[in-house]
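Asker: As they're listed, the protein sequences go chains A and B.
In terms of this note's numbering, the first sequence is residues 5 to 326.
In terms of this note's numbering, the second sequence is residues 5 to 326.
Protein chains: 2
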Amino acid sequence: MTSDLDFGVGKELSLVEERIRQAIRSQEALLTDIAAYVIQAGGKRVRPLVALLANRAVGGRNLERTVQIAAALELIHSATLLHDDINDGGEVRRGREAAYKKFGLQNALVTGDFLFVKAFAIGGKFEPEIVDLTASVCTALAEAEISQKRNAGNLELTREQYLEVIRRKTAMPMSAGARIGAILGGGTEREVEALSAYGLNLGLAFQIVDDILDVIGDPGSLGKPVGTDLKEGNMTLLVLHALNDGSDSRLRLQAILREPRKTPDLIDRGLALVRDSGAVERARVDADHYGFLAREALDDLRPGPYRDALARLVDFVVRRNA
Amino acid sequence: MTSDLDFGVGKELSLVEERIRQAIRSQEALLTDIAAYVIQAGGKRVRPLVALLANRAVGGRNLERTVQIAAALELIHSATLLHDDINDGGEVRRGREAAYKKFGLQNALVTGDFLFVKAFAIGGKFEPEIVDLTASVCTALAEAEISQKRNAGNLELTREQYLEVIRRKTAMPMSAGARIGAILGGGTEREVEALSAYGLNLGLAFQIVDDILDVIGDPGSLGKPVGTDLKEGNMTLLVLHALNDGSDSRLRLQAILREPRKTPDLIDRGLALVRDSGAVERARVDADHYGFLAREALDDLRPGPYRDALARLVDFVVRRNA
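1. The segment 73–105 of chain A: which residues have C-beta closer than 7 Å to a C-beta of chain C, in chain order?
2. Hey, does alanine 146/B have any beta-carbon neighbour from chain A nearer than 8 Å?
3. Does arginine 98/B come out as helix, strand or coil in the three-state DSSP assignment?
4. Proline 52/A lies in the alpha helix (DSSP H); which residues open and close that run?
5. Are the CB atoms of aspartate 304/B and arginine 183/B nearer to each other than 8 Å?
6. If we require 4 or more residues per run, which alpha helix (DSSP H) segments fall completely within the segment 109–196 of chain A?
7. Beta-carbon of phenylalanine 107/A versus every beta-carbon of chain B: anything under 8 Å?
8. Quick check: is the beta carbon of serine 225/A nearer than 8 Å to any beta carbon in chain B?
9. Can you tell me which of the three DSSP states proline 309/A falls into?
10. What does the Cβ neighbour count give for asparagine 205/B, buried or exposed, with the cut at 16 atoms within 10 Å?
11. Compare the C-beta of glutamine 31/B against all C-beta atoms of chain A and say whether one is closer than 8 Å.
12. Have a look at lysine 105/A and glutamate 95/A and give me their C-alpha separation to the nearest angstrom.
13. Could you check if serine 18/A is buried or exposed, using at least 16 other CB atoms within 10 Å of its CB as the buried criterion?
14. Compare the C-alpha of alanine 175/B against each of Lys153/B, Gly203/B, Val213/B and Leu188/B and name the closest.
15. Is glutamine 211/B helix, strand or coil by DSSP?
16. When you compare the CB of phenylalanine 124/B with every CB in chain A, is at least one pair closer than 8 Å?
17. Between the Cα of glutamine 149/B and the Cα atoms of Arg51/B, Ile90/B, Leu261/B and Thr138/B, which residue gives the shortest distance?
18. Quick check: the segment 210–220 of chain A against the segment 278–286 of chain A, are at least 3 beta-carbon pairs closer than 8 Å?
19. Measuring straight from C-alpha to C-alpha, what distance separates serine 82/B and alanine 75/B?
20. Would you mind working out which of Gln44/A, Tyr41/A, Asp88/A and Gly14/A sits nearest leucine 56/A, comparing C-alpha positions?
21. Around the Cβ of proline 177/A, are there at least 16 other Cβ atoms within 10 angstroms (buried) or fewer (exposed)?
22. Among Pro309/A, Glu32/A, Arg288/A and Ala315/A, which residue has its Cα nearest to the Cα of glutamine 152/B?
23. In angstroms with no decimal places, state the Cα-to-Cα distance between threonine 84/A and glutamine 110/B.
24. Roughly how many angstroms lie between the CA atoms of histidine 245/B and alanine 287/B, to the nearest whole one?
25. Within the same chain, show all residues whose beta-carbon is closer than 7 Å to that of threonine 6/A, passing over the 5 residues directly before and after it, in chain order.
26. Under a three-way DSSP split, which group does aspartate 10/B fall into?
27. Which chain B residues are close to asparagine 59/A, counting only those with a beta carbon under 9 Å from its beta carbon?
28. Going by alpha carbons, who is nearest to alanine 301/A out of Ser253/A, Asn325/A, Ser200/A and Ala313/A?
29. Which chain B residues are close to isoleucine 150/A, counting only those with a beta carbon under 7 Å from its beta carbon?
30. Taking 6 Å as the limit between beta carbons, can you name the residues of its chain near leucine 77/B, skipping five residues before and five after?
31. Listed in chain order, which residues of the segment 266–298 of chain B have Cβ atoms closer than 8 Å to some Cβ of chain A?
32. Where does lysine 266/B sit, in a helix, a strand or coil, going by DSSP?
33. What do you get for aspartate 290/B, buried or exposed, if any count of 16 or more other CB atoms within 10 angstroms of its CB means buried?
34. Which residues in chain B have a C-beta closer than 7 Å to the C-beta of glycine 128/A? List them in chain order.
35. Which whole-angstrom value describes the C-beta separation of alanine 186/A and asparagine 66/A, a residue pair presumed to lie in contact below a C-beta threshold of 8 Å?
36. Going by the beta-carbon positions, is the gap between histidine 87/B and leucine 242/A smaller than 8 Å?
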């Protein structure tokens, strides 16, 4: 959890939490309860962190407005978690029963809509450029969801296509948060571009580590079972690596991926094949690569504690085990 | 269908259609296809009509921006249709297979999110007052959905509580559309308030007629089966009337409403009880009452063809059979 670490914006993060609590208040107590269940379960708050640190790193103007946007980004993220769990049938999230299981599909679905709306009620108060950025993040999320499902079990998927999916699913929200934080903070054009590149590469690294953890993570620390990607037929980078290791075992993995109904035993065997293929190690190299690019982007920023914190955030993201 | 009628804003409505087509374009063809499937199936376009007519009735400034908002309101409406069908298990919508049945739950859910986002990308470009109005419509929709479900089968529901649900579900979107159309059109404060009241009462009448049609409508014209409300345990105005007619048959209706799993036969018997109770006629009186209030609100507008068209729209809404 990032909350264990000090990135120097603890006070700002607690303002974000307060803004979120305020946003999810509703005369329908159930909406507030479900929203709080999802949001207050923790989560790493990486999106708000990126926006806040980017803001601080370029001078920290408009802190209050950056807090607003950081809250909006976390609300959007939470909305997608609610809807994603419905979509992929995930039963556990952050160590607790998935909201749609606990509160019912309809209530979880509507709460997701409610969170999207609350995010936009915040985001809609900003300049057109920022409205567009926020909307494009959400559009990209929806497109990535469709694209990922369309390519489920697609053994022909290329690395470039995979990267495009995770760019839209994970990297764009982080990049947009960094960009907006930097714009509001009063950054120069060069700083704004640097932080956009930082967020993009951080997001790519983040998602690749997510993919890794779904293969070798500890369900206890993760708060959810592993093997979800394989079960869904998601063509993660690890699967792509394992399918391209030139060995006989890739044929067995192909057969598992082609199986429409994957039993727990089949998933276990698939995970073992992926692990034994060396895909985890190759994916780590990839995550490190994007982490390196993220840190490299920071060279265009003035030195200081927030630039250092952004660099530490890369390490945290790449090395995390949950 | 309103498209058969001439309210004098046919050209403006086609601009709305064009704006919607533009909004739903996506690099993921499936998103565009599902969105078009829902939106282009027709629909009465009452929300855009109200906004456009309100704009024209007060002078018609900012037509282009009113077209944008009218498109956003229809996108929001379509998003809720997509999600509502998932929620209530409706299998047919506008005479066609419900989108989630045809395209799968996940794809329909994500497309709903996509439409919300596209609506907000439009709405977010407006003044804070209009952003707030648009967001409050969506919040109210989510709250109404929760409230309606919370009160399913609640035999103690009062008429006031029912009206509060339909105010949020149907009347607020129309009222907000009328209000925004009037603000953008350059209306005086008095005109803006008059048109808000018009939209609110039109929306209440609209929903009561919807409730009536779910009891006595022709499935062929409606493009969906009747009895959905009863199946869901929705406490519509007709059910409230039927439960308060002082007859023995209300006890039989109570028993049906308490039944957790309602067979088609049980629903048919429930519908017959509602019809025989005189609830339809009493609900018609209610719908006429709100229609009257809507027309009365128009007294504060300058006379002219658009005021007349707004009055004709009330007649259309109250008398429609689909």
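Glycine residues also receive a C-beta, built at the ideal position from the N, C-alpha and C atoms.
Answerer: By the coordinates alone:
1. In the displayed structure, chain C is absent; the protein chains listed are A and B.
2. yes
3. coil
4. 50–61
5. no
6. 109–127, 132–154, 163–170 and 176–189
7. no
8. no
9. helix
10. buried
11. yes
12. 7 Å
13. exposed
14. Gly203/B
15. helix
16. yes
17. What sits at residue 149/B in the sequence shown is glutamate, not glutamine. Residue Ile90/B is the option with its Cα nearest to glutamate 149/B.
18. yes
19. 10 Å
20. Gly14/A
21. buried
22. Glu32/A
23. 12 Å
24. 8 Å
25. Low per-residue confidence applies at threonine 6/A: pLDDT is 49, beneath 50, and the placement is therefore not dependable, though the value from the model is reported in the following sentence. So the qualifying residues of the chain are Lys48, Arg49, Val50, Leu53 and Phe320.
26. coil
27. None at all; the shortest Cβ gap to chain B is about 21 Å.
28. Ser200/A
29. Glu32, Leu34, Leu35, Asn111 and Val114
30. Arg51 and Gly181
31. none
32. coil
33. buried
34. Phe124, Gly127, Gly128, Val135 and Ala139
35. At roughly 11 Å, the Cβ-Cβ gap does not stay under 8 Å, so alanine 186/A and asparagine 66/A are not in contact.
36. no
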